[in-house]
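There are 2 protein chains.
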Amino acid sequence: MSDSTEKSRIKIEEAKDKVIGAIAETMDLYGVTPAAANLYATMYFKEQMTLDEMRTELGMSKPSMSTSVRKLQEIEMVKKTFTRGSRKHTYVAEKNFFRSFMVFYCQMWEREVKMNMEAIEEAQEDFINVIKDSTSTPDIVAEAKKYYDQLEDSKTYYYWLEDLVASIKSGKIFEFLPKDKQD
Amino acid sequence: MSDSTEKSRIKIEEAKDKVIGAIAETMDLYGVTPAAANLYATMYFKEQMTLDEMRTELGMSKPSMSTSVRKLQEIEMVKKTFTRGSRKHTYVAEKNFFRSFMVFYCQMWEREVKMNMEAIEEAQEDFINVIKDSTSTPDIVAEAKKYYDQLEDSKTYYYWLEDLVASIKSGKIFEFLPKDKQD
DNA sequence: AAAAAGATTAAATAAATTTTTAACAAATTT
DNA sequence: AAATTTGTTAAAAATTTATTTAATCTTTTT
Chain Z
1 MSDSTEKSRI
11 KIEEAKDKVI
21 GAIAETMDLY
31 GVTPAAANLY
41 ATMYFKEQMT
51 LDEMRTELGM
61 SKPSMSTSVR
71 KLQEIEMVKK
81 TFTRGSRKHT
91 YVAEKNFFRS
101 FMVFYCQMWE
111 REVKMNMEAI
121 EEAQEDFINV
131 IKDSTSTPDI
141 VAEAKKYYDQ
151 LEDSKTYYYW
161 LEDLVASIKS
171 GKIFEFLPKD
181 KQD
Chain Y
1001 MSDSTEKSRI
1011 KIEEAKDKVI
1021 GAIAETMDLY
1031 GVTPAAANLY
1041 ATMYFKEQMT
1051 LDEMRTELGM
1061 SKPSMSTSVR
1071 KLQEIEMVKK
1081 TFTRGSRKHT
1091 YVAEKNFFRS
1101 FMVFYCQMWE
1111 REVKMNMEAI
1121 EEAQEDFINV
1131 IKDSTSTPDI
1141 VAEAKKYYDQ
1151 LEDSKTYYYW
1161 LEDLVASIKS
1171 GKIFEFLPKD
1181 KQD
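Respectively, the protein sequence lines represent chains Z and Y. Just so we're aligned, residue 1 is where the first sequence starts under the working numbering, counting upward by one. Just so we're aligned, residue 1001 is where the second sequence starts under the working numbering, counting upward by one.
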């Protein structure tokens, strides 16, 4: 292999590494471990990978790759593929960022809505009981009412978040914000 | 104070705690420490708080409250208020979840777009240099082209994310997804 | 069915983050 | 201006999280 060919290969690797670094750095803000972030970013430039290839490429242990892949599969940023002939499992990175965005945020927001709405509903029932309780003093009733109303008000946000998730899932949001609206 | 009054007070506290727990639990998925998450959730039910009140209420150290408040101020979930007469600093929680949503995600997405777009632009330049290099072999040129195109394609997503941020900041998104569209 | 290869789980280690204690700096009151 | 109160910074301790080594389980091949 010639000298300049080798130089070009290195330049290509360096260019990829710039993007890999940036993706990995923003990804750990998405709640994944550094290992998983680096792994995804690396796979972004690969057709497919086996666990052993991941291990050699990142210089990490196999269990670390195994758990990272699983985590990435949970948020659907990596999928298992069947590769004829190889008995090793092979994985591919989701390269469409729109799909990753949709799965990740919908999952996150649905969890938030569910968890908080459940707590709110329970708490509101409690406040109603205090309000209806004939032994409650006026100031206690007023306090319970205040909190009840505050929670009722906050529901507007959670309903909106539900709508946002729905419009992302259905793709309706792309009618409002088209994907290809250039620069 | 009567016995039943005391019971009602306890019921109110328990009801609040349910919501505080839920908010705090979803919040540490937003990249804040447990202390900051608990603090915000607690402040959500208070008019305003001083550092000393926070410390007693959460049973934590003052520096911990100080750093937590600062972090919450960064993502604009807490603001400092001037309280006449008191020499202690007082803080209030942002109780409008829409505003918190806007600030937090716009900040997050702007950072992601900036960081990744910068890396992409640099990498694409590198790939162009390899492509234009007369000493590059055909397969190297093909590889560089492949990566260049992949990055070019991914820009669509970042442009879209920019648009999303803009429509959130301007409030235009609420024309598409109204805040008050009931249940 | 035995052997080998691959992947996962469990326990232990290592690393990073969070929180606290203690010292310091700034501001307010007397 | 000295003394006191409040808030922040720095270093240390503690907790949590991430990663690895070792052991186990699963699958595939012979």
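Heads up, the beta-carbon is just placed ideally off N, CA and C, and yes, glycines get one too.
Practice item. Quick one: using the 10 Å Cβ neighbour count with 16 as the cut-off for buried, is Z:PHE82 buried or exposed? Key: exposed
Exercise for review: Identify whether Y:VAL1130 lies in helix, strand or coil by the three-state DSSP scheme.
Suggested key: Here Y:VAL1130 carries a helix assignment [DSSP, helix/strand/coil].
Review point. Would the beta-carbon of Z:LYS62 fall within 8 Å of that of Z:ARG55?
Key: yes
Review point. When the Cα of Y:MET1077 is compared with those of Y:SER1100, Y:LYS1088, Y:SER1066, which residue comes out closest?
Key: Y:SER1100
Exercise for review: For Y:ALA1015, count neighbouring Cβ atoms within 10 angstroms of its own Cβ and tell me buried if that reaches 16, exposed if not.
Suggested key: buried
Practice item. Taking only the alpha-carbon atoms, compute the straight-line gap between Y:ASN1116 and Z:ALA24 and give it to the nearest angstrom. Key: 10 Å
Point to revise | Top-ranked residue by Cα proximity to Z:LEU164, from Y:TRP1160, Y:ALA1166, Y:PRO1178, Y:GLU1006 | key: Among Y:TRP1160, Y:ALA1166, Y:PRO1178, Y:GLU1006, the Cα nearest to that of Z:LEU164 is on Y:PRO1178.
Review point. Which chain Y residues sit within Cβ distance under 8 Å of Z:ARG9?
Key: ILE1140
**Study point:** Neighbouring residues, chain Z, relative to Y:THR1135 (Cβ below 7 Å)
**Key:** Going along chain Z in sequence order, the residues near Y:THR1135 (Cβ under 7 Å) are SER4.
Review point. Hey, quick one: how far does the beta strand (DSSP E) through Y:LYS1079 stretch, first residue to last?
Key: 1078-1081
Check your understanding: Which residues of chain Z have a Cβ atom closer than 8 Å to the Cβ of Y:LYS1018, listed in chain order?
Key -> In chain order: ALA119, GLU122, ALA123, ASP126.
Review point. Under a three-way DSSP split, which group does Y:MET1060 fall into?
Key: Three-state result, Y:MET1060: coil.
Review point. Any residues in the segment 1157-1176 of chain Y with a beta carbon nearer than 7 Å to a beta carbon of chain Z? Which ones, in chain order?
Key: TYR1157, TYR1159, TRP1160, ASP1163, LEU1164, SER1167, PHE1176
**Study point:** Beta-carbon proximity list for Y:ILE1048, same chain, < 8 Å, skipping 5 on both sides
**Key:** A small correction: the amino acid at residue 1048 of chain Y is Gln; Ile does not occupy that position in the sequence shown. For Y:GLN1048, where only same-chain residues beyond five positions count, the Cβ hits under 8 Å are THR1081, THR1083, THR1090, TYR1091, VAL1092.
Point to revise | Residues near Z:ASN38 by beta carbon distance below 7 Å, same chain, minus five either side | key: ALA24, LEU58
Review point. Using the beta-carbon of each residue, which ones in chain Z are nearer than 9 Å to Y:GLU1110?
Key: In chain order: nothing, as chain Z lies at least about 11 Å away.
Check your understanding: What separation, rounded to the nearest whole angstrom, lies between the Cα atoms of Z:THR135 and Z:GLU118?
Key -> 27 Å
Practice item. Just tell me which of Y:PHE1174, Y:LYS1011, Y:SER1002, Y:ALA1142 has its CA closest to the CA of Z:GLU122. Key: Y:LYS1011
Practice item. Can you give me, in chain order, the residues of the segment 58-77 of chain Z that have a beta carbon less than 8 Å from any beta carbon in chain Y? Key: Contact annotation: in the segment 58-77 of chain Z, no residue has its CB less than 8 Å from a CB in chain Y.
Review point. At a Cβ cut of 8 Å, what residues of the segment 1021-1032 of chain Y count as close to chain Z, listed as they run along the chain?
Key: GLY1021, ALA1022, ILE1023, GLU1025, THR1026, LEU1029, GLY1031
**Study point:** Check whether Y:LEU1151 and Y:GLN1124 have beta carbons under 8 Å apart
**Key:** yes
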